[in-house]
Amino acid sequence: MSGTNLSQRMFYNLGIMAAIFDLDQLIDMMSIGTLLAYTIVAICVLILRYRDPEPVVFDHPMMERQNGVPKPEIIETAGSLRTVFNLNMNKYPNKSTETVAIWAIFAFIATVIVFCITLVQLEDSLGDGMAWAIITVAVIGAVALIIVFVLCRQPQSQAKLSFKVPCLPMLPCLSILMNFYLMAKLDLHTWIRFGIWLFIGMLVYIFYSIPHSVEGIKDKMAKQERTKHFNINATSEDIKL
97 MSGTNLSQRM FYNLGIMAAI FDLDQLIDMM SIGTLLAYTI VAICVLILRY RDPEPVVFDH
157 PMMERQNGVP KPEIIETAGS LRTVFNLNMN KYPNKSTETV AIWAIFAFIA TVIVFCITLV
217 QLEDSLGDGM AWAIITVAVI GAVALIIVFV LCRQPQSQAK LSFKVPCLPM LPCLSILMNF
277 YLMAKLDLHT WIRFGIWLFI GMLVYIFYSI PHSVEGIKDK MAKQERTKHF NINATSEDIK
337 L
């Protein structure tokens with residue numbers, strides 16, 4: 097494709113978008129996509145930092161070795177208060193602390209969504225100084241802070257990387273809060289349009305992009321090879337009989 101044809105197609109597509117959508121609608125669509133991408137990145141940073149490193153396989157599933165001497169592994173329940181608040185003072189993440197961190201992250205996301213929607217909907221009441229609105233927002237905010245405290249208590253990955261996000265978990269949690277608040281300020285029609293385009297994109301990705309990707313083609317060729325070998329083996333068995 098030449099540069100001229102590419103420019104023509106680009107301006108043609110821009111003209112179609114400008115004819116269908118209003119400028120404010122396009123800006124809102126770009127904003128919601130960008131904010132959602134930033135939010136996903138912040139969530140992934142949290143999840144990766146609290147992940148349990150690759151487990152080491154020992155001779156016995158309930159034993160681990162230290163200086164060549166097997167010692168019993170301490171099994172913790174993820175739902176116990178000692179694990180939730182890391183009262184055992186674990187310095188390295190394990191399966192229990194990872195489970196607690198994952199649950200805390202998703203609980204924080206749900207709480208922040210409720211907090212931001214409540215904050216946006218009760219802006220007028222908060223401005224008027226109504227006690228019930230202030231108490232409602234304060235209670236939800238306190239729950240979010242408790243969840244952040246639980247995250248702060250969990251041990252983080254000690255992997256040596258060229259760059260690591262500082263101030264965890266405060267910085268990603270603050271990013272999630274700000275992004276959700278800005279997204280909550282967008283009108284309902286923007287969310288509807290975004291949902292429609294997201295649904296169309298998912299259909300294209302699932303039914304076209306995945307089957308025609310490099311991995312999809314490899315899987316298809318592997319299935320064909322397995323079917324071919326199965327047919328050859330079946331034919332050989334029939335000949336023997």
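Following our numbering, the numbering of the sequence shown begins with 97 at its first residue and continues without gaps. Where a beta carbon is used, it is the ideal one built from N, C-alpha and C, also for glycine. Please read these numbers as outputs of a predicted model, since none were measured by experiment.
_Reference T207, options G223, N186, V244 and W287, closest by Cα_ = In the sequence shown, the residue the question calls residue 207 occupies position 111. It is V244.
*Collapsed DSSP secondary structure at R105 in the structure displayed*: Locating residue 105 in the sequence shown gives position 9, where the first residue counts as 1. Residue state, collapsed to three classes: helix.
*Pair within 8 angstroms by beta-carbon distance, T135 and N275*: Reading the sequence shown from its first residue, position 39 is the one you call residue 135. Reading the sequence shown from its first residue, position 179 is the one you call residue 275. Yes, the Cβ-Cβ distance between T135 and N275 is below 8 angstroms.
*Buried or exposed: which applies to Y146, given that a residue is buried once 16 or more other Cβ atoms fall within 10 Å of its Cβ?*
Start at 1 with the first residue of the sequence shown, and residue 146 comes out as number 50. Looking at its Cβ environment, which holds 16 or more other Cβ atoms inside 10 Å, Y146 is buried.
*Which word fits D155, buried or exposed, when buried means at least 16 other C-beta atoms lie within 10 angstroms of its C-beta?*
Looking up residue 155 in the sequence shown gives position 59. A caution first: D155 carries a pLDDT of 44, below 50, which makes its placement in the model too unreliable to give a value.
*Quick one: what's got a C-beta closer than 7 angstroms to D124's C-beta in the same chain, skipping five residues either side?*
Translated into the one-based positions of the sequence shown, residue 124 becomes position 28. L282 and T286.
_Under DSSP, the alpha helix (DSSP H) around H285 begins and ends at which residues?_
Position 189 of the sequence shown holds residue 285. Looking at the DSSP string, the run of the alpha helix (DSSP H) that includes H285 is L284 to V300.
*Could you check what DSSP says for P268 in three-state terms: helix, strand or coil?*
Taking the first residue of the sequence shown as 1, we reach residue 268 at position 172. It is helical.
*First through last residue of the alpha helix (DSSP H) which encompasses I72*: Outside the displayed span of the chain (97 to 337) sits residue 72, for which this structure offers no information.
*With a threshold of 16 other CB atoms inside 10 Å of the CB of E219, please say whether the residue is buried or exposed.*
Residue mapping note: residue 219 aligns to position 123 of the sequence shown, counting from 1. Classification of E219: exposed, given that the 10 Å Cβ count is below 16.
*asked:* Just to confirm before moving on: does the CB-CB distance between A197 and Q250 stay below 8 angstroms?
replied: The residue you call residue 197 lines up with position 101 of the sequence shown. The residue you call residue 250 lines up with position 154 of the sequence shown. Yes, they are a contact pair.
_Please report the distance separating the alpha-carbon of L257 from that of L264._
Within the sequence shown, the letter at position 161 stands for residue 257. Within the sequence shown, the letter at position 168 stands for residue 264. Using only the alpha carbons, I get a separation of about 15 angstroms.
*I306 by DSSP, collapsed to three states: which one?*
Working through the sequence shown from its first residue, we reach residue 306 at position 210. It is coil, neither helix nor strand.
*asked:* Going by DSSP in three states, N275 sits in which element: helix, strand or coil?
replied: Translated into positions along the sequence shown, residue 275 becomes position 179. Helix at N275.
_Q104, buried or exposed, once every other Cβ within 10 Å from all chains shown has been counted against 16_ = Here residue 104 is taken as the residue at index 8 of the sequence shown, counted from 1. Q104 is exposed by the Cβ-count criterion.
*Keeping to the same chain, check which residues put their C-beta closer than 6 angstroms to that of C41; ignore five residues upstream and five downstream.*
Only positions 97 to 337 of the chain appear in this structure, which leaves residue 41 out of reach.
*Is DSSP giving S192 helix, strand or coil here?*
Locating residue 192 in the sequence shown gives position 96, where the first residue counts as 1. Looking at S192 - three-state DSSP - the assignment turns out to be helix.
*Quick one: what's got a C-beta closer than 8 angstroms to D148's C-beta in the same chain, skipping five residues either side?*
The residue you call residue 148 lines up with position 52 of the sequence shown. Hits under 8 angstroms: P189, N190, K191, T193 and E194.
*Roughly how many whole angstroms lie between the Cα atoms of E311 and I302?*
Taking the sequence shown and counting its residues from 1, the one referred to as residue 311 is at position 215. Taking the sequence shown and counting its residues from 1, the one referred to as residue 302 is at position 206. For E311 and I302, the distance between alpha carbons rounds to 13 angstroms.
*Among V141, T323, F107 and G291, which residue has its Cα nearest to the Cα of M266?*
Numbered from 1 along the sequence shown, position 170 holds the residue referred to as residue 266. For M266, the nearest C-alpha among the options comes from V141.
*Check D148 in the structure and name its three-state DSSP category.*
Within the sequence shown, the letter at position 52 stands for residue 148. D148: coil per DSSP, three-state reduction.
*First and last residue of the alpha helix (DSSP H) that includes C248?*
Position 152 of the sequence shown, counted from the start, is the residue given in the question as residue 248. Residues A227 to R249.
*Kindly indicate which three-state DSSP category K319 falls into: helix, strand or coil?*
Taking the sequence shown and counting its residues from 1, one reaches residue 319 at position 223. Of the three classes helix, strand and coil, the one that applies to K319 here is helix, per DSSP.
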